[in-house]
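Just add 104 to the spot in the sequence shown (first one is 1) and you have the numbering used here. Beta carbons: idealized from backbone N, C-alpha and C, even for Gly. Only a predicted model underlies this, so the values are computations on that prediction, with no experimental measurement involved. What follows is a single structure, written as structure tokens, with notes after it.
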Amino acid sequence: MNSTILATPIIDTPDDLRTAAAQWLKSFESRLNMGDASRLAALFASECHYRDILAFSWTLRPAAGAQTIADFLTSAQTKVQAKNFVLAEARTAPRKVRRLGIEVIEAIFKFETATGRGHGVVRLLESNREQAWVLLTTLDELKGHEEQIGENRPSGDAYSRNFGGANWLDQRTQERAFEDRDPVVLVVGGGQNGLAVAARLKQQGIDTLVVDKYPRIGDNWRVRYHSLALHNQVHVNHLPYMPFPPTYPKYIPKDMLGNWLEMYAEAMQLNCWTGTEFTKGSFDSSTKRWTVTLKREDGSERVLRPRHVIFSNGTSGIARVPDLPGLKDFAGDKFHSHGFKSGIPWRGKKALVLGTGNSGHDIAQDLYSNGVDTAIIQRGSTTVVSIDPSAKLNYALYEEGPPLEDCDLIATATTYPLLIRAYQATVKRMVELDKDLIAALKARGFKYDLGEDETGHQMKYRRRGGGYYLNAGCSDLIIDHKIGLLQFDDIEKFVPEGALMKDGTIHKADLLVLATGYYSQQEVVRRLMGDEVADRVGQVWGVGANGELANMWTRTPQEGLWFMGGALAQGRIYSKYVALQIKAIELGLM
């Protein structure tokens, strides 16, 4: 008699997952304290990745390989004195997930160091729960200097019924004026990144001033072209402490975002000077202070001496206009895309838009929609991605269910090698979803690419800040011949009437918009602080030698000079770490 025995699959309970993660953390702490790097290395898989943000290194520090990771941790532990590695009860519970095709148990934990408290993420291999594939450690707060939120809400004279004395408004007016003091930190740029880091610094008790050249906070968005809206969804873009209302649209229009930033600055009690331009700055290494000159709205100048300057005026600051053959001869209206507002003034006329990034496509679509005969000029191969469904794939983590704070922590665990693999996997899915769009663009003569090493638009953003388009409809207009397509290689030169093609024809135009990008922040520093400082700082943005974004969100080679940049999500996440670093420097901990 034959019998068949069916194997019953083992289904883990939540307690099983908690036990596995808790046991690993216990072993990790024990071996870390032993100082035996070899035994600690045994807790990591043969292929493993680690990222530390301030907790063990006071910087953004990635590492790969079990022995390399273990050597660093055991060496740092003598000073860091990390302890009490336990699961974070108030955070997302340990769960089974698939990351880059690998089954893991993903858990959020908390721990202490000699100076602060932090959180981290560990991903244990499902195939071997005693080994970690990915580890993240981050510093959240400094002991004795916790943020004044929740149960630690501020109180004191400014918030009391101060009969006969200065009330809250009186004190806020005096605080904003900086008549009797210099700020510790000067933030240059009142966009989302500048406001985010200023809000974090305020929670650290760091006296901070934000300056912005526009008349109102939020104008950096309001002045942009009429049809602009964010290309990613609202739930990814919240600012620190103050999320967008649930009534806000999925894709926030630029004026709505500008108004929100203005309201945010007031609600977070940030000290902002609008209509104020940073004109020059120099650093005194003996006093450890900057001397900066600010030009106020009324034409007067104010000299301040902060200890830290944070450039938060975008990953690119100065419009770049290339020296193109005959460009100066063009007789029509001509300006950089930064100055474009709306196509309405050119209704019934002809326009050329030079550049096929996001701005070039959006401006071409705006012109067409306002009755302008428009053609777009492609200078180089471009990555095109549909906003929905393809671009949304990069934010799938934020739709898995965990709270925003947990998603931010989980996303932060990704090091450069994993980021490359993640984007390559996502691009393969994007190509499948967008295959009809891609085929139609190529058939139209549009030069299309998937980015260096087929990592798509996200790595183009990190590496060069452009070279891609998230399709809001302009690609369809190009495919349907409603918007013309010219290749720059086919243009001999620009002439008064428009573009002289190499075949002798002239493509006439009344308007030429140069969507040709911006200079790097290093060039901004060069113009405002001189060659010596710019050369000392080096590359800003783009992938650095260790895989982190170069000189972003961390100390730079120039003492007291910092950079904030990136999308709203990056500003929300990394503003905390910039503020913590500055606080640690002010306390003498770094």
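- CA-to-CA, the gap between D584 and G475 works out to about 16 Å.
- Excluding the 5 residues flanking it on each side, A180 has same chain C-beta neighbours closer than 7 Å at F160 and S161, in chain order.
- Within a 10 Å sphere around the beta-carbon of M138 sit fewer than 16 other beta-carbons, which makes this residue exposed.
- For R630, the enclosing alpha helix (DSSP H) has its first and last residue at Q625 to M633.
- Following the DSSP letters along the chain, one finds L581 inside the alpha helix (DSSP H) bounded by residues C578 to I583.
- Partner residues in the beta bridge of W377, as assigned by DSSP, are V315.
- For T460, DSSP records no beta bridge to any residue.
- Across the structure, G447 and Y355 are spaced so that their CA atoms are roughly 22 Å apart.
- In the DSSP assignment, E405 is bridged to K399.
- A Cβ-Cβ separation of about 7 Å places H412 in contact with V288 under the 8 Å criterion.
- In terms of Cβ geometry, V617 and L431 do not form a close pair [threshold 8 Å].
- The straight-line gap separating the alpha-carbon atoms of I677 and D492 is approximately 25 Å.
- In terms of Cβ geometry, Y329 and K454 do not form a close pair [threshold 8 Å].
- The C-alpha of E381 is placed about 14 Å away from the C-alpha of T395.
- Excluding residues up to 5 positions away in sequence, I610 and K612 lie with their Cβ nearer than 6 Å to the Cβ of E601 in the same chain.
- Here the alpha carbon of T658 sits roughly 27 Å from the alpha carbon of G362.
- For K358, the CB contacts under 6 Å within the same chain, skipping 5 residues up- and downstream, are W325, R328 and L332 in chain order.
- DSSP places T196 outside both helix and strand once states are collapsed to three, so it counts as coil.
- Between T277 and P506, the C-beta gap is not smaller than 8 Å, which leaves the two residues out of contact.
- Taking a contact as a CB-CB distance under 8 Å, the pair L305 and I686 counts as one, their CB atoms being some 7 Å apart.
- The three-state secondary structure of W666, taken from DSSP, is strand.
- Secondary structure of Q337 (DSSP, three-state): coil.
- Linking G309 to D116 through their CA atoms gives a straight-line distance of about 46 Å.
- Taking C-beta separations shorter than 8 Å and ignoring five residues to either side along the sequence, the partners of E279 in its chain run N375, following chain order.
- Uninterrupted alpha helix (DSSP H) stretches at least 4 residues long and entirely within the stretch 470-551 occur at 508-516, 520-537 and 539-548, given in chain order.
- In the DSSP assignment, the residues bridged to P166 are R155.
- When L574, G651 and L136 are compared, the shortest CA-CA separation from F189 is found for L136.
- Cβ-Cβ separation between A186 and A125: approximately 17 Å, too far for a contact (criterion under 8 Å).
- When secondary structure is reduced to three states using DSSP, E601 falls in the coil class, being assigned neither helix nor strand.
- Apart from sequence neighbours up to five positions away, the residues of its chain that approach V338 with a beta-carbon distance below 8 Å are F348, Y352, P353, K354, Y355 and I356, ordered along the chain.
- For L305, the uninterrupted alpha helix (DSSP H) segment begins and ends at Q296 to Q307.
- Excluding the 5 residues flanking it on each side, H249 has same chain C-beta neighbours closer than 8 Å at Q308, G309, K687 and L691, in chain order.
- By the neighbour-count criterion, in which 16 or more other beta carbons inside 10 Å mark a residue as buried, E255 falls on the exposed side.
- Boundaries of the beta strand (DSSP E) around K438: D437 to H440.
- In the DSSP assignment, W325 falls within the alpha helix (DSSP H) that extends over D323 to R326.
- If you look at A236, you'll find it in the beta strand (DSSP E) that goes N232 to L246.
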